[in-house]
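Residue numbers (the numbering used here), protein chains in the order written: chain W, 38 to 268; chain R, 38 to 268.
C-beta: ideal position from N, C-alpha, C; glycine also.
To start, the structure itself, in structure tokens.
There are 2 protein chains.
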Amino acid sequence: MVTRELLSRERVLRVARDLADSSGLSALSMRRVAGALGVEAMSLYHHVPGKEGLLDGLAEQVVAEVQQEVAGGQGDRLEDWRAELRHRCLSARTVMLRHPWAPGLLSTRATIPSGLWQYYDEVLATMVRGGLNYHVAHRGMHALGSMVLGFVQEVFSPAAAGGAADTDTAEQDFEAMAATVPHLTAMVASEVHAAGDDALGWCDTDREFEFTLDLLLDGLERARRGSGPGV
Amino acid sequence: MVTRELLSRERVLRVARDLADSSGLSALSMRRVAGALGVEAMSLYHHVPGKEGLLDGLAEQVVAEVQQEVAGGQGDRLEDWRAELRHRCLSARTVMLRHPWAPGLLSTRATIPSGLWQYYDEVLATMVRGGLNYHVAHRGMHALGSMVLGFVQEVFSPAAAGGAADTDTAEQDFEAMAATVPHLTAMVASEVHAAGDDALGWCDTDREFEFTLDLLLDGLERARRGSGPGV
DNA sequence: ACCTGAACACCGTTCAAGT
DNA sequence: ACCTGAACACCGTTCAAGT
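Below, the structure written as structure tokens:
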């Protein structure tokens with residue numbers, strides 16, 4: 038009889054990632070992952086809270102991989118904020134090309150992978166360091182959207198996943214947030230204050246959408262006139 | 038006994054859309070759709086080629102709905118290309134807000150909904166009419182990406198859906214394309230010619246990604262200096 | 001032609017049982 | 001504690017049978 042390596046959350050997620058890489062997301066079943074580990078499907082439940090939990094773990098793993106890629110590409114932090122964000126987007130993109138299923142996975146998660154808060158806080162910090170005020174930075178976050186994750190989409194729309202949006206969360210642990218994602222917290226505070234009484238309007242998605250749209254259209258107009266980024 | 042309305046592809050798709058609206062994409066099963074129609078699951082196969090075919094039909098239906106929204110919003114074609122594209126993006130967006138599952142569905146289809154070719158041809162035509170040459174227009178198509186569909190993502194990455202990319206299709210029915218999507222055909226021809234010997238490089242996705250990225254970063258830099266679109 | 005019942009090969013997950 | 005077998009409630013789809 039062969040001494041089998043012990044099962045673990047890490048081992049389950051690693052095998053799941055490899056299976057997705059080789060056969061696509063749709064081939065990811067509990068039974069299939071278990072099979073690849075030489076184990077019964079039910080054994081997975083001791084290391085992962087069900088299928089949805091496994092997918093959440095996979096999403097977090099991808100975010101971590103992006104962070105590694107960003108850090109690995111260069112030791113020092115780039116001085117120019119645009120260069121830094123550019124590096125981040127391109128690094129993220131190589132990760133997404135490695136895992137073509139990742140954008141689809143990330144965009145359908147009902148809950149945001151925990152590591153992503155920190156990631157976005159870093160993106161925001163880069164903008165603020167570059168001299169963007171919170172308002173412009175806020176729009177910048179929407180505009181770059183999931184470009185900082187290496188693909189183009191409004192990353193998380195829980196409604197799309199079939200779940201209801203949880204609007205309370207943001208306020209709920211506001212203080213806990215301040216410690217771990219200081220820039221995001223400050224931005225939200227600043228934007229809510231600027232919105233005045235209309236607290237719900239602090240993140241007017243329609244307006245963000247139009248901002249991004251105009252950014253692109255204006256850029257294309259400049260390219261048309263031959264003064265855009267290297268064509 | 039009740040005289041039952043005859044089943045039809047249209048009726049199946051309509052009920053499927055309503056079911057997705059009310060319960061999300063994950064609730065869409067052949068058995069559930071059939072149940073909503075008061076019929077057995079197997080009956081659907083006479084009007085729709087399986088589950089995947091039903092989802093394809095749903096995707097086409099959404100594209101058609103976008104076209105209707107674009108046309109309904111205004112009788113005449115807007116004179117300014119930017120205003121026209123802006124109208125298109127915002128119209129598409131209201132459709133996506135109506136069907137939150139649509140972006141996720143569209144982005145995971147293995148084959149492109151047929152109506153979309155025409156739609157994109159119209160977008161391209163608008164750019165060309167506006168004075169963008171094919172090269173800039175090509176980049177514009179990538180930059181606006183799925184914004185013209187009301188959400189932000191590189192729309193179709195068949196690889197993400199678990200299927201292999203079909204690189205032959207584009208050349209295969211090139212001549213048939215010329216009739217139905219003249220602008221797209223002309224653009225492809227122009228870009229392939231410009232790429233010279235490196236025929237594979239006519240659509241260098243990496244370069245398109247960077248172009249869009251720089252468009253956004255440059256726009257944000259302008260906003261930082263206070264000269265961007267209305268902040 | 002259109003619809004159906006039974007059947008097949010899969011799912012995710014629960015639960016009581018093993019070690 | 002960790003893993004398992006059997007079972008349950010679901011899937012998509014095939015196929016022979018009905019009308």
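Exposed unless 16 or more other CB atoms sit within 10 angstroms - verdict on residue i
i, result
"Pro86/R", "exposed"
"Met224/R", "buried"
"Ser151/R", "exposed"
"Ser66/W", "exposed"
"Glu102/W", "buried"
"Met178/W", "buried"
"Pro140/W", "buried"
"Gln111/R", "exposed"
"Met79/W", "exposed"
"Leu250/R", "buried"
"Ala216/R", "exposed"
"Asp58/W", "exposed"
"Glu121/R", "buried"
"Ala260/R", "buried"
"Ala64/W", "exposed"
"His220/W", "buried"
"Ala180/R", "buried"
"Ser183/W", "buried"
"Ala108/R", "exposed"
"Glu89/R", "exposed"
"Leu43/W", "exposed"
"Gln105/R", "exposed"
"Ser128/R", "buried"
"Asp243/R", "exposed"
"Arg114/W", "exposed"
Below-8 Å beta-carbon distance, residue i vs any chain W residue
i, result
"Ala231/R", "no"
"Ala96/R", "no"
"Thr145/R", "yes"
"Asp158/R", "no"
"Met224/R", "no"
"Arg54/R", "no"
"Gly256/R", "yes"
"Ala180/R", "yes"
"Gly177/R", "yes"
"Val99/R", "no"
"Gly1/R", "In the structure displayed, chain R extends from 38 to 268; residue 1/R sits before or after that span and is not available."
"Phe193/R", "The predicted model places Phe193/R with a pLDDT of 37, which falls under 50 and marks its position as unreliable; any figure quoted below should be read in that light. With 8 Å as the cut-off, Phe193/R does not count as an interface residue toward chain W."
"Val173/R", "yes"
"Leu115/R", "no"
"Arg123/R", "yes"
"Gln209/R", "Caution applies to Gln209/R, whose pLDDT of 48 falls short of 50 and renders its modelled position unreliable; the value that the coordinates give is listed next. So no, Gln209/R is outside the interface."
Span of the alpha helix (DSSP H), counted from its first residue to its last, around residue i
i, result
"Tyr156/W", "151–166"
"Gln98/W", "87–110"
"Leu127/R", "118–135"
"Met35/R", "Because chain R in this structure spans residues 38 to 268, residue 35/R falls outside the shown range and cannot be described."
"Thr148/R", "Thr148/R -> no alpha helix (DSSP H), and no H or E assigned at all."
"Leu181/R", "171–181"
"Ser59/R", "46–60"
CB contact below 8 Å: residue i versus chain R
i, result
"Arg69/W", "no"
"Ala196/W", "Annotation note: pLDDT 36 at Ala196/W (below 50); position unreliable, no value reported."
"Arg261/W", "yes"
"Val85/W", "no"
"Arg166/W", "no"
"Leu161/W", "no"
"Asp203/W", "Reliability fails at Asp203/W, whose pLDDT of 42 lies under 50, so the model's placement of it is uncertain and no value is given."
"Arg130/W", "yes"
"Leu252/W", "yes"
"Leu92/W", "no"
"Met29/W", "Coverage of chain W is limited to positions 38 through 268, which leaves residue 29/W absent and any answer about it impossible."
"Arg119/W", "yes"
"Arg46/W", "no"
"Leu169/W", "yes"
The stretch 69–76 of chain W in contact with the stretch 46–54 of chain W per 3-pair CB rule at 8 Å: Output reads yes: the stretch 46–54 of chain W touches the stretch 69–76 of chain W.
The stretch 90–100 of chain W touching the stretch 150–170 of chain W, judged by at least three CB pairs closer than 8 Å: Yes, since at least three Cβ pairs between the stretch 90–100 of chain W and the stretch 150–170 of chain W fall closer than 8 Å, the two stretches touch.
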